[in-house]
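Q: Structure below; questions to follow.
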Amino acid sequence: MPSSPLQQVIRERILASPDRALSWAAVMELALYHPEHGYYGRGPLHLGRGGDFFTAVSVGPLYGRLLAGLAAKVWRALGAPEDFAIIEQGAHDGRLMEDVARGLDDMSCPLAARARFLIVESNDKYRAAQCARLSPVLGARLSWAATLDDLRRQPSCGFFMCNELPDAFPVHRIRWTGAEWVERVVTVDDDGFTFVWRDAPLLDACVEDEVVRLPPDLPPGYTTEVHPAAAAWMRQLGRAAFHGVALIADYGLEDHEYYSPARNDGTLRRYHDHKTDGNVLSRLGECDLTAHINFTRVMQEARASFEWSRCMDQGSCLTRLAADWLRGLDGRPPAPETAALLRQFHTLTHPAHMGGRFRMCISGRGLRKDDVLPG
Ligand SMILES: C[S@@+](CC[C@H](N)C(=O)[O-])C[C@H]1O[C@@H](n2cnc3c(N)ncnc32)[C@H](O)[C@@H]1O
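Right, dumping it as structure tokens:
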């Protein structure tokens, strides 16, 4: 039976494990991040048209320009510090970082010449792509950190951003039997090749810590996900030393929507060629795999370590950030470049496009919320 190298790796790991099964989180980790065969592990692939899905970054440069405006506000609200870093994790091929840097240039903001640009990235293939794109623009002001923990020492002031990062973290899939939560694990069928689901006792203490938060009285068979990796990541981000703002943009739901009785099969999806479905065990390594963020949970962790946090839909947030630019348009038919930016604005903010489905969580430390996000 034909099988990809990644499927063989997963099958071998399943057969070598004591219970002949792996948690979905372990399978998702391999499918996305195996260094040779994982969907992301292989290196940055093309996003947007010609790729498997669009992100706000791949829509065009407007998104980065609006975030540049926010970074500048953060810098001013902190008193224009000499050392200020623009930090990104999940930077992919560096496109958002480039758009933010060019956005600062276009605003003639003094920060454009002073900011450091720091990417949290451990994968050398991504670092090489980011270096190729960004070094000509940023020169020696560009550097990397291997993990978020490296931000516990420096910078002291900064603006952290990530777009569609935590939705790509491995999640645990769980099922309510009517009496207890069990973990949905992946094993191989009797033919020895086909991946199939089965139930197993909860495997990790971190999963047990998450399931105690779930609502009681869900119907038997109710299947969903929990995100211990996203919660741990948010705690790690909270321990970073910088004063400033952390912006997390992604799609997701609040607790009551996520764990509503009607959503009885969770949010786990695969994406390929701009099509999506729930057949996540098919074509492992060839498709993006993702689950919605639980924003209630992420915000709970954010509030524990930042001075303030605010979560709003992307449409409202970007409309606020774009207010000055929109007011500056004089009502005459726009030049082609402005018309292109307005089309991007529409895609990013319209509730039927990205504006309603995506949310932006903004957390701050060492500055007032109203200085960067009035209203
Ligand atoms: C859906 S893509 C988004 C890419 C880009 N931010 C955008 O919006 O166009 C998710 C990205 O997160 C990266 N990623 C996942 N886990 C990561 C981690 N722990 N550190 C850095 N990048 C990570 C993946 O390699 C991939 O490039």
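Quick note, in this note's numbering, the sequence shown goes up one by one and the last residue is 378.
Using N, Cα and C, we set each Cβ at its ideal position, and we do this for glycine too.
(1) For His-95, count neighbouring Cβ atoms within 10 angstroms of its own Cβ and tell me buried if that reaches 16, exposed if not.
(2) Can you give the Cα-Cα distance for Tyr-254 and Thr-293, rounded to whole angstroms?
(3) Would the stretch 195-205 count as touching the stretch 123-138 if we require 3 or more Cβ pairs under 8 Å?
(4) Using a 10 Å radius around the Cβ and a threshold of 16 neighbouring Cβ atoms, would you call Asp-102 buried or exposed?
(5) Could you give the distance in angstroms between the alpha-carbon of His-353 and the alpha-carbon of Arg-360?
(6) DSSP three-state call for Cys-320: helix, strand or coil?
(7) Quick one, which of Trp-27, Gly-369, Ala-83, Met-357 has its alpha-carbon nearest Ala-115's?
(8) Measuring CA to CA, which of Leu-206, Leu-345, Lys-128 is closest to Leu-332?
(9) Less than 8 Å between the CB atoms is what I'm expecting for Ala-34 and Leu-9, so what's the real figure, rounded?
(10) Taking Cβ positions, are Gly-106 and Gly-72 nearer each other than 9 Å?
(11) Residues in its own chain within less than 8 Å of His-356 by CB, not counting five upstream and five downstream?
(12) Going along the chain, which unbroken runs of the alpha helix (DSSP H) with 4 or more residues stay wholly within the stretch 41-72?
(13) My parser needs the beta strand (DSSP E) runs of 3 or more residues fully inside the stretch 225-289; what are they?
(14) When you compare the stretch 321-335 with the stretch 268-286, are there three or more beta-carbon pairs, one atom per stretch, that lie closer than 8 Å?
(15) With 16 as the cutoff for other CB atoms within 10 Å, does Ser-285 come out buried or exposed?
A: Answer, in terms of the structure:
(1) Within the sequence shown, residue 95 is the residue found at index 92, counting from 1. Label assigned to His-95: buried.
(2) In the sequence shown, residue 254 corresponds to position 251, counting from 1. In the sequence shown, residue 293 corresponds to position 290, counting from 1. So the two alpha carbons sit approximately 10 Å from each other.
(3) no
(4) In the sequence shown, counting from the first residue as 1, residue 102 sits at position 99. Buried, since its Cβ has 16 or more Cβ neighbours within 10 Å.
(5) Here residue 353 is taken as the residue at index 350 of the sequence shown, counted from 1. Here residue 360 is taken as the residue at index 357 of the sequence shown, counted from 1. Inter-residue distance for His-353 and Arg-360 is about 10 Å (C-alpha atoms, whole angstroms).
(6) For the purposes of this step, residue 320 is identified with residue 317 of the sequence shown, where counting begins at 1. In the structure shown, the three-state DSSP call for Cys-320 is helix.
(7) Translated into the one-based positions of the sequence shown, residue 115 becomes position 112. Checking every option, the nearest Cα to that of Ala-115 belongs to Ala-83.
(8) On the sequence shown, residue 332 is found 329 positions in, with the first residue counted as 1. Measuring from the Cα of Leu-332, the nearest candidate turns out to be Leu-345.
(9) Here residue 34 is taken as the residue at index 31 of the sequence shown, counted from 1. Here residue 9 is taken as the residue at index 6 of the sequence shown, counted from 1. Yes, Ala-34 and Leu-9 are in contact; Cβ-Cβ is about 7 Å, under 8 Å.
(10) Locating residue 106 in the sequence shown gives position 103, counting from the first residue. Locating residue 72 in the sequence shown gives position 69, counting from the first residue. For Gly-106 and Gly-72, yes; Cβs fall inside 9 Å.
(11) In the sequence shown, the residue the question calls residue 356 occupies position 353. Within the same chain, His-356 has close Cβ partners His-349, Thr-350.
(12) 59-62
(13) 226-229, 246-256, 272-275, 278-280
(14) no
(15) Reading the sequence shown from its first residue, position 282 is the one you call residue 285. By the neighbour-count rule (16 or more Cβ atoms within 10 Å), Ser-285 is not buried but exposed.
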